[in-house]
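Peer 1: First the structure, then my questions, so here it is.
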Amino acid sequence: MKRRIVAGNWKMNLVSDEVNELIKAIENADKPEGVELMVFPSSLFVAQVAQRTDKVVVGVQNLYHEANGAFTGEQSISQAKSVGAECTLIGHSERRELFNETNSLLKKKVDACLTNMLKFIFCCGEPLNIRKTGREADFVKQQLEESLFHLTKDQMKSVVIAYEPIWAIGTGETATSDQAESMHADIRSWIAEKYDEDTANNVAILYGGSCKPDNAKELFSCPNVDGGLIGGASLKAESFLAIAKAFE
Ligand code: PGA
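Put into structure tokens, the structure is as follows:
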């Protein structure tokens, strides 16, 4: 069955009390049927979120691929798992743009997750200048080829990809459902070419970038959109869950 996933990327927002309030509100609300909910708080709060809910999968926003050692400020997969993280984001555009994460570094993170059995959401997406010159498909394909397409078929089947056009992140400007569907369909066809149809159909592809309760229904009704990675609108339980309910 097709997976339906709504994931909240809280980025560097919320302090401890606010985290507790938000998770309590999510915990007390009705969970939409058939939708997997995930949240990505600051790593400082992963343990407290994991302890307070079993309604959502908790993950980290980033991690380092080495197992341990002198990497001040970084966190390893085993550390993340030891406080309850079940998943991580890899290659969010803010990591790529502000912290210079390259496709080859992200490949190492992908491999480390697979070795240590941590699920991940692999983020991809083009900046505005690339979209303006019509090269977005080549750009996104290269991100996937250089960080993901070395995986085996079985590994690929469990991957979740988030397509997040950078020009739509936090800007209020959402990709139209046609733009989202066109890129998602391309991503699925590249996976089918490299692997096969069955593998491509197993990969969940989420859309991210100013996804809100009022546009989620249209985006999620696209055949190749399997859910959303939500930034701003995931900071309130009401809007986060309204987006998840858009699947109903
Ligand atoms: P946004 O962020 O929903 O605030 O645009 C999405 C993301 O960066 O994952």
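According to this note's numbering, the sequence shown is numbered sequentially starting from 152. A virtual CB, placed ideally from N, CA and C, is assigned to each residue, including glycine. This one's a predicted model, so the numbers in the text were calculated from it and none came from an experiment.
#1: Cα separation between phenylalanine 398 and glycine 220?
#2: Is arginine 247 buried or exposed, if buried means 16 or more other CB atoms sit within 10 Å of its CB?
#3: Would you report the Cα separation of alanine 393 and aspartate 262, rounded to the nearest angstrom?
#4: Excluding five sequence neighbours on each side, which residues of the same chain lie with their C-beta closer than 7 Å to the C-beta of serine 400?
#5: Which one or two residues does DSSP pair with glycine 224 in a beta bridge?
#6: DSSP puts isoleucine 156 in a beta bridge; with which residues?
#7: Just tell me which of Leu386, Glu287 and Val354 has its CA closest to the CA of methionine 152.
#8: Return the chain-ordered list of same chain residues with a C-beta closer than 6 Å to the C-beta of leucine 214, the five sequence neighbours on each side being excluded.
#9: Looking at glutamate 315 and the ligand PGA, is the gap between the Cβ and the nearest heavy atom below 7 Å?
#10: Can you name, in chain order, every residue of its own chain whose Cβ lies under 7 Å from the Cβ of alanine 367, other than the five neighbours on each side?
#11: Starting from valine 311, trace the beta strand (DSSP E) in both directions and tell me its first and last residue.
#12: Below 7 Å CB to CB, which residues in the same chain sit around valine 170 once its five sequence neighbours on both sides are set aside?
#13: Specify, as a first and last residue, the run of the beta strand (DSSP E) that cysteine 274 falls within.
#14: Would you call the CB atoms of valine 207 and isoleucine 241 closer than 8 Å?
#15: Is any heavy atom in the ligand PGA found nearer than 7 Å to the beta carbon of leucine 380?
#16: Please return the same chain residues whose Cβ sits closer than 8 Å to the Cβ of methionine 163, not counting the five positions on each side in sequence.
#17: What distance in whole Å lies between the Cβ atoms of isoleucine 381 and phenylalanine 371, which are believed to be in contact at a cut-off of 8 Å?
#18: What are the start and end residues of each continuous alpha helix (DSSP H) run of 4 or more residues lying completely inside the region 278–332, in chain order?
#19: The beta strand (DSSP E) that contains leucine 357, what's its start and end?
#20: Quick check: is any heavy atom of the ligand PGA less than 7 Å from the C-beta of cysteine 362?
Peer 2: From the atom records:
#1: Working through the sequence shown from its first residue, we reach residue 398 at position 247. Working through the sequence shown from its first residue, we reach residue 220 at position 69. If you take the alpha carbons of phenylalanine 398 and glycine 220, they lie about 44 Å apart.
#2: In the sequence shown, counting from the first residue as 1, residue 247 sits at position 96. Counting Cβ neighbours within 10 Å, arginine 247 comes out buried, since at least 16 surround it.
#3: For the purposes of this step, residue 393 is taken as the residue at position 242 of the sequence shown. For the purposes of this step, residue 262 is taken as the residue at position 111 of the sequence shown. So the two alpha carbons sit approximately 34 Å from each other.
#4: Outside the displayed span of the chain (152 to 399) sits residue 400, for which this structure offers no information.
#5: Stepping through the sequence shown from its first residue, residue 224 is reached at position 73. DSSP output for glycine 224 lists no bridge partner at all.
#6: As a position in the sequence shown, residue 156 is number 5, starting the count at 1. Partner(s): Glu187 and Gly378.
#7: As a position in the sequence shown, residue 152 is number 1, starting the count at 1. Of the listed residues, the one whose Cα sits closest to methionine 152 is Val354.
#8: Counting from one through the sequence shown, the residue named residue 214 turns up at place 63. If we look at leucine 214 and ignore the five residues flanking it on each side, its Cβ neighbours are Gln226, Ile228, Ala231 and Thr239.
#9: Numbered from its first residue, the sequence shown carries residue 315 at position 164. It does: the Cβ of glutamate 315 is within 7 Å (strictly closer) of some heavy atom of the ligand PGA.
#10: As a working mapping, residue 367 is identified with position 216 in the sequence shown. Only Gly379, Ile394 and Ala397 meet the Cβ criterion.
#11: Taking the first residue of the sequence shown as position 1, residue 311 is located at position 160. It spans 311–314 - the beta strand (DSSP E) in which valine 311 sits, taken as one unbroken run.
#12: In the sequence shown, the residue the question calls residue 170 occupies position 19. Pro192, Phe196, Gln199 and Val200.
#13: Taking the sequence shown and counting its residues from 1, the one referred to as residue 274 is at position 123. It spans 270–275 - the beta strand (DSSP E) in which cysteine 274 sits, taken as one unbroken run.
#14: On the sequence shown, residue 207 is found 56 positions in, with the first residue counted as 1. On the sequence shown, residue 241 is found 90 positions in, with the first residue counted as 1. Result no, Cβ atoms of valine 207 and isoleucine 241 do not sit closer than 8 Å.
#15: Position 229 of the sequence shown, counting from 1, holds the residue named residue 380. Within the cutoff, so yes.
#16: The residue labelled residue 163 in the question sits at position 12 within the sequence shown. So the qualifying residues of the chain are Ser193.
#17: If you number the sequence shown from 1, residue 371 lands on position 220. If you number the sequence shown from 1, residue 381 lands on position 230. Not a contact, Cβ separation roughly 12 Å.
#18: 279–283, 287–298 and 304–308
#19: As a working note, residue 357 is residue 206 in the sequence shown. Unbroken beta strand (DSSP E) run through leucine 357: 355–359.
#20: By one-based count along the sequence shown, residue 362 stands at place 211. Cysteine 362 Cβ: within cutoff of the ligand PGA.
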